[in-house]
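Here's the structure, in structure tokens; my notes come after.
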Amino acid sequence: MRLTLKKAILISIELWTWLAETGEEYKREWSGWIKYGEMSFDCALCEYGERKDGDNRCVHCPYYLKFGKCFNEGQPYRKWADTDTPKTRKKYASLLLAQLEELK
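Residues are numbered in the numbering used here as their position in the sequence shown, beginning at 1, plus a constant of 1437.
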């Protein structure tokens, strides 16, 4: 699938809406991948950046440009990835979702 920036953001919002609702631990469990296909790091924004410049994907990521690297300490994605409970994953997925909504 050829991703535009807008489409990458919308797919990311779909994914993180599901994660915020379910508290799922793994992004790869999302049924949306059947529709959209596999993507780098199970992330439409990473896929978008990688297609722009495989060696330097983050510099093309709209999340990175607005909020910094997603996996940095203190970022909602990092907190989501590091937590052990569905309740806490829902919390951090919701925070990340709010940031993604700002990218529209």
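Beta carbons are placed, not taken as given, at the ideal position from N, Cα and C, and that holds for glycine.
Note that the structure is a prediction, hence the values are computed from the model and not measured.
Assign residue i to one of three DSSP states: helix, strand, or coil.
i	result
residue 1441	coil
residue 1475	coil
residue 1453	helix
residue 1541	coil
Using the rule of at least 16 other Cβ atoms within 10 Å of the residue's Cβ for burial, across every protein chain shown, is residue i buried or exposed?
i	result
residue 1514	buried
residue 1463	exposed
residue 1471	exposed
residue 1468	exposed
residue 1452	buried
Leaving out five residues before and five after residue i in sequence, what residues of the same chain have Cβ atoms less than 6 angstroms from its Cβ?
i	result
residue 1498	1482, 1486
residue 1517	1526, 1529, 1530
Taking the continuous alpha helix (DSSP H) assigned at residue i, which residues delimit it?
i	result
residue 1463	Unbroken run through residue 1463: none, as it is neither H nor E.
residue 1480	Element bounds for residue 1480: n/a, residue is neither H nor E.
Got a sec? Which residues, its chain only, sit under 8 angstroms from residue i by beta carbon, not counting five neighbours each side?
i	result
residue 1504	1512, 1536
Ignore the nearest five residues each way along the sequence and tell me which others in residue i's own chain have a CB closer than 7 angstroms to its CB.
i	result
residue 1532	1513
Start-end ranges of the alpha helix (DSSP H) lying completely within the region 1491–1539, minimum 4 residues: Complete alpha helix (DSSP H) runs here, min 4: 1499–1504, 1513–1519, 1523–1539.
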